[in-house]
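Asker: Would you mind keeping the following structure in view while I ask a few things?
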Amino acid sequence: MMGLSMKVDGEKQLKRFYSLDGKLITYYEEEPLHGRYGDNFEIIQTIGKGAFGKVMLCKEKFTNNLYAMKVLRKALLTDEIDIETEIHILRLTQHPFLISLKRSFQTRQLLCFVMEFANGGDLFFHLVREGQFSEDRSRFYAAEVILALSYLHSLGIIYRDLKTENIMLDIDGHVKIVDFGLSKQTIGNGQRTSTFCGTPEYMAPEILNHERYGYSVDWWGVGMVLYEMICGTLPFYNSNYDILITLIRFKPLDFPENVSENANLLLTELLIKEPSKRLGSGPGDGTDVKNHIFFDDINWDDVESKKVPPPFKPELIGPLDTRYFDSEFIREKTSFSFPTSNGGSYKYSLDSSFINFSENEP
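Here it is, written out as structure tokens:
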């Protein structure tokens, strides 16, 4: 890449790079965190990165506690990301298998979520490394996820983005669902929504068909994740987006020979393309899923109280051990620069202020 730097609109610095194919890429650089809360944290390293921001491992200076700080750049946010809903859900929810928010604050350019640090990595990382999980291990993770989703549904919340990348493991090996940026609140009493959103590989057919939908999309997500854990691959996949969508909408489900009869039955019922016939779509919601024969040996009270030992415990040599995070992120220089391409359509300006985002805001 070749690039240049310049001052723009009060920014510290704006860098423009031309990639090898001639595409113009813009990076904005941010001053180190300052202000009422930003000064309290020392940024240690990058542990994740997405389209709208980064996740940093940080330390609170006064307590030495470690947290994961999700940092979003206001100028890159699009209509599909509902910050107000995300921060409200994080403050509202309290469940052993959902990530918890410790603090939130904003600078002129950034939104910062300070959350508990789940240092066991995400399930996608472990699947890439191991290929697939045993049915017992998959059942354990699925059970904790089902309890978390059932709790969200009881609050009128559809999660809408269940995938192995969003299922983290804590230091003991228990599940922590993260990232509520696509979640939808105030769904209940038969209400439906119609927003087209999610990760394409995991999206339910009713979303792809632009139909109104409810909690059933989350049970489709459970089926997709469980299939991926047991079989080591997604049931429907193609690198071509149009072909992928066609497969999800129309391709019959099939299974490797090693999948047990009970797992086959559960996955078949979760991955029914007609949402009204899908397991969990009725008034019983998650209870119907929990009652499936695949979970006959599960004591759900013990699972929720974390009395069931996890099948895998992360082997960590200390609180700063990040071995279960992608080395591509770990090697990256820690900074608050974020890429965007020219001509994008964004929802907020750099100066946008998010009312009630920061703690103790009037």
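The sequence shown: position 114 = 114 (full-length UniProt numbering), numbered continuously. Idealized CB from N, CA, C, for every residue including glycine.
Mind reading off the beta-carbon distance from I47 to F325? Whole number of angstroms is fine, and I expect it under 8 Å.
Answerer: Position 47 of the sequence shown holds residue 47. Position 325 of the sequence shown holds residue 325. The pair is a contact, with the Cβ atoms about 5 Å apart (cut-off 8 Å).
Asker: Runs of 4 residues minimum, wholly inside the segment 137-209: which ones carry the alpha helix (DSSP H) assignment?
Answerer: 205-208
Asker: If you draw a straight line from the alpha carbon of T164 to that of A143, how long is it in whole angstroms?
Answerer: Here residue 164 corresponds to residue number 164 of the sequence shown, with the count starting at 1. Here residue 143 corresponds to residue number 143 of the sequence shown, with the count starting at 1. T164 and A143 have their alpha carbons spaced roughly 14 Å apart.
Asker: How should D169 be labelled, buried or exposed, when 16 other C-beta atoms within 10 angstroms of its C-beta is the threshold for buried?
Answerer: Your numbering for residue 169 matches position 169 in the sequence shown. It should be noted that the sequence gives Leu, not Asp, for residue 169. Its Cβ being crowded by 16 or more others within 10 Å, L169 is buried.
Asker: Can you tell me which of G181, N65 and I207 puts its alpha carbon nearest to the alpha carbon of T193?
Answerer: For the purposes of this step, residue 193 is identified with residue 193 of the sequence shown, where counting begins at 1. It is I207 whose Cα lies nearest to the Cα of T193.
Asker: What number of angstroms, rounded off, separates the C-alpha of P319 from the C-alpha of H174?
Answerer: Residue numbering aside, residue 319 sits at position 319 when the sequence shown is read from its first letter. Residue numbering aside, residue 174 sits at position 174 when the sequence shown is read from its first letter. Going by the C-alpha atoms only, they are around 16 Å apart.
Asker: Whose C-beta lies closer than 8 Å to the C-beta of G35 among residues of the same chain, with five residues either side of it excluded?
Answerer: As a working mapping, residue 35 is identified with position 35 in the sequence shown. In this prediction, G35 scores a pLDDT of 49, lower than 50, which makes its location untrustworthy; the coordinate-derived value is nonetheless stated afterwards. Same-chain partners within the cutoff: F105 and T107.
Asker: What first and last residue would you give for the alpha helix (DSSP H) that runs through I43?
Answerer: Taking the sequence shown and counting its residues from 1, the one referred to as residue 43 is at position 43. It is not in any alpha helix (DSSP H) - I43 instead sits in the beta strand (DSSP E) that spans F41 to K49.
Asker: For the beta strand (DSSP E) that Y237 lies in, which residues bound it at each end?
Answerer: By one-based count along the sequence shown, residue 237 stands at place 237. That residue, Y237, is in no beta strand (DSSP E); it is neither H nor E in DSSP.
Asker: If you follow the alpha helix (DSSP H) that G131 is in, where does it begin and where does it stop?
Answerer: One-based indexing of the sequence shown puts residue 131 at position 131. Neither: G131 is in no alpha helix (DSSP H) and is coded neither H nor E.
Asker: So is M69 in contact with chain B if we call contact Cβ pairs under 8 Å?
Answerer: In the structure shown, chain B cannot be found, because there is only a single protein chain.
Asker: Quick one: what's D122 bridged to in DSSP?
Answerer: The residue labelled residue 122 in the question sits at position 122 within the sequence shown. Bridge partners of D122: M168.
Asker: Leaving out five residues before and five after D321 in sequence, what residues of the same chain have Cβ atoms less than 8 Å from its Cβ?
Answerer: Start at 1 with the first residue of the sequence shown, and residue 321 comes out as number 321. If we look at D321 and ignore the five residues flanking it on each side, its Cβ neighbours are N119.
Asker: Leaving aside the five residues before and after S260 along the sequence, list all residues of the same chain whose C-beta is less than 7 Å from its C-beta, in chain order.
Answerer: In the sequence shown, residue 260 corresponds to position 260, counting from 1. The answer, listed in chain order, is E135.
Asker: For the segment 237-244 and the segment 268-282, state whether three or more C-beta atom pairs, one from each stretch, are separated by less than 8 Å.
Answerer: no
Asker: Here's a check: name, in chain order, each residue in its chain whose Cβ is nearer than 8 Å to the Cβ of E41, leaving out the five neighbours to either side.
Answerer: Locating residue 41 in the sequence shown gives position 41, counting from the first residue. In the sequence as presented, Glu is not what sits at residue 41; that position holds Phe. For F41, where only same-chain residues beyond five positions count, the Cβ hits under 8 Å are L33, C58, K59, E60, K61, Y67, M69 and V114.
Asker: Please tell me whether S138 and S216 are closer than 8 Å, where the distance is taken between their beta carbons.
Answerer: What you label residue 138 is simply residue 138 of the sequence shown in a count that begins at 1. What you label residue 216 is simply residue 216 of the sequence shown in a count that begins at 1. No, the Cβ-Cβ distance between S138 and S216 is not below 8 Å.
Asker: H88: which of L182, R323 and D39 sits nearest, CA to CA?
Answerer: Indexing the sequence shown from 1 puts residue 88 at position 88. Looking at the Cα atoms, L182 is the closest of the given residues.
Asker: Using beta-carbon positions only, say whether F97 and I230 come within less than 8 Å of one another.
Answerer: Position 97 of the sequence shown, counted from the first residue, corresponds to residue 97. Position 230 of the sequence shown, counted from the first residue, corresponds to residue 230. For F97 and I230, no; Cβs fall outside 8 Å.
Asker: So, are the CB atoms of I83 and L111 less than 8 Å apart?
Answerer: Start at 1 with the first residue of the sequence shown, and residue 83 comes out as number 83. Start at 1 with the first residue of the sequence shown, and residue 111 comes out as number 111. Closer than 8 Å, so yes.
Asker: For F329, which residues of its own chain have a beta-carbon under 7 Å away from its beta-carbon, when the five flanking residues on both sides are left out?
Answerer: Locating residue 329 in the sequence shown gives position 329, counting from the first residue. So the list reads T46, I47, G48 and K49, once near-sequence residues are dropped.
Asker: Grouping DSSP H, G and I as helix and E and B as strand, with all else coil, what is Y215?
Answerer: Counted from its first residue, the sequence shown places residue 215 at position 215. The three-state secondary structure of Y215, taken from DSSP, is coil.
Asker: With distance defined between alpha-carbon atoms, name the residue in F140, N209 and R323 nearest to V308.
Answerer: Translated into the one-based positions of the sequence shown, residue 308 becomes position 308. For V308, the nearest C-alpha among the options comes from F140.
Asker: Which same chain residues, not among the five before or five after V128, have their C-beta less than 6 Å away from its C-beta?
Answerer: Working through the sequence shown from its first residue, we reach residue 128 at position 128. Hits under 6 Å: none found.
Asker: Which ranges does the alpha helix (DSSP H) cover as unbroken runs of at least 4 residues, wholly within the segment 70-96, from first to last along the chain?
Answerer: 83-92
Asker: The beta strand (DSSP E) spanning E269 covers which residue range?
Answerer: Taking the sequence shown and counting its residues from 1, the one referred to as residue 269 is at position 269. Where E269 is concerned, there is no enclosing beta strand (DSSP E), although the alpha helix (DSSP H) it sits in stretches over E261 to L270.
Asker: I believe E116 touches F180 by the beta-carbon criterion, under 8 Å. Please report the beta-carbon distance rounded to the nearest angstrom.
Answerer: Numbered from its first residue, the sequence shown carries residue 116 at position 116. Numbered from its first residue, the sequence shown carries residue 180 at position 180. Not quite, the Cβ-Cβ distance comes to about 14 Å (not below 8 Å), so this is no contact.
Asker: Tell me whether S100 sits in a helix, a strand or coil according to DSSP, three-state version.
Answerer: By 1-based counting over the sequence shown, the position of residue 100 is 100. Three-state DSSP puts S100 in coil, outside helix and strand.
Asker: Are the CB atoms of E201 and L244 nearer to each other than 8 Å?
Answerer: Taking the sequence shown and counting its residues from 1, one reaches residue 201 at position 201. Taking the sequence shown and counting its residues from 1, one reaches residue 244 at position 244. Annotated as proximal: E201 and L244, with beta-carbon spacing under 8 Å.
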